[in-house]
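In my numbering, the protein residues as written are -16 to 348. For each residue, glycine too, the CB sits at the ideal point set by N, CA and C. Fair warning: this is a prediction, and the values are worked out from it, not measured in the lab. Worksheet for the structure shown next.
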């Protein structure tokens, strides 16, 4: 794609708000080199079969790599085509431990779905896959803000247990708020799907450009439709308690290149966490669960830039396995119908038909 000067200026520094934190569940921001001119095509980049978002920042091209929670720490390699030349960039993913969360669900069907529920879940999966396959080359988002003001009742990445049964990690953050509190788009974007899903309840998917997507679950109402263009701050619905929940809250996920990453990495570093008393209501307790220990993602390493000759490409065994390989097979022998349902339901909004990482098929509502 050849950018006109006006288009380049509009998109310059578009993704500069994304924080560099190369850990499982984080984002690696990789410097691909200087922007030579507005007439030079935007570089393309891939990592482990995923198309990676590339945007201009500080007169340099940057690749924004969403890192799956299951990724092994160590050396990884990004492939890019810059000014028509294939280049390789080494970057390091650091280790990060996430704590456990135990949640009691009174509706047993939401933990172990019945056969009829599985039929519904499979239908919803097909619908969501069509929406997830979309990817816009246009950049809509230039900054992010909170969709709802409220305390974070469940951080990103927690290893979750529903009724003491192990489930996939939490693929977003839960923001506690009263039922009916407005939910606002954190950035400009296009609504790519809405619906009522078995686990997620009333849900909305928004594309913010170059595969950057956000996902909102358990809403009491939806105020937008598929295809709507939304502006930052525009109301898209309201907080609710639909789907698999223990109380009203917003589940909010952010994703890059088909994987969920920590939403806090997309918010300005000078943005304070919402006050704990915000939206407090003794009559509608927010969904909190039981968190063993909150995870901290405040560290900000510097942007990584390490190009090297093509001949040294070696992603190594630590690289993410491709979809369908042993690395993505559920290792739990006790995995039941609910486990399979979670892999096939709308809790997988970031995967596409061709790139469908099993570890990210559940949003972890």
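Cβ-Cβ distance between residue i and residue j below 8 angstroms
i	j	result
residue 72	residue 60	yes
residue 76	residue 51	no
residue 167	residue 205	no
residue 155	residue 234	yes
residue 36	residue 195	yes
residue 186	residue 170	no
residue 139	residue 0	no
residue 10	residue 244	yes
Where the beta strand (DSSP E) containing residue i begins and where it ends
i	result
residue 209	Counting along the chain, residue 209 falls outside any beta strand (DSSP E), and DSSP gives it neither H nor E.
residue 172	172 to 180
residue 70	68 to 76
residue 17	10 to 17
residue 45	43 to 49
residue 29	27 to 30
residue 38	33 to 40
residue 167	165 to 167
residue 244	242 to 244
residue 136	135 to 137
residue 60	57 to 65
residue 158	156 to 159
residue 185	184 to 190
Alpha carbon of residue i to alpha carbon of residue j, nearest angstrom
i	j	result
residue 223	residue 98	26 angstroms
residue 135	residue 158	5 angstroms
residue -3	residue 238	16 angstroms
residue 230	residue 189	24 angstroms
residue 142	residue 80	10 angstroms
residue 120	residue 209	18 angstroms
residue 13	residue 66	16 angstroms
residue 15	residue 4	17 angstroms
residue 25	residue 8	26 angstroms
residue 125	residue 53	29 angstroms
residue 191	residue 161	27 angstroms
residue 207	residue 247	24 angstroms
Own chain residues within Cβ distance below 6 angstroms of residue i, not counting five before or after
i	result
residue 78	56
residue 43	14 and 17
residue 226	182, 183, 184 and 201
Beta-carbon proximity list for residue i, same chain, < 7 angstroms, skipping 5 on both sides
i	result
residue 212	173
residue 29	35 and 62
Assess contact between the region 169 to 176 and the region 102 to 109, defined as three or more Cβ pairs (one per stretch) separated by less than 8 angstroms. Is contact present?
no
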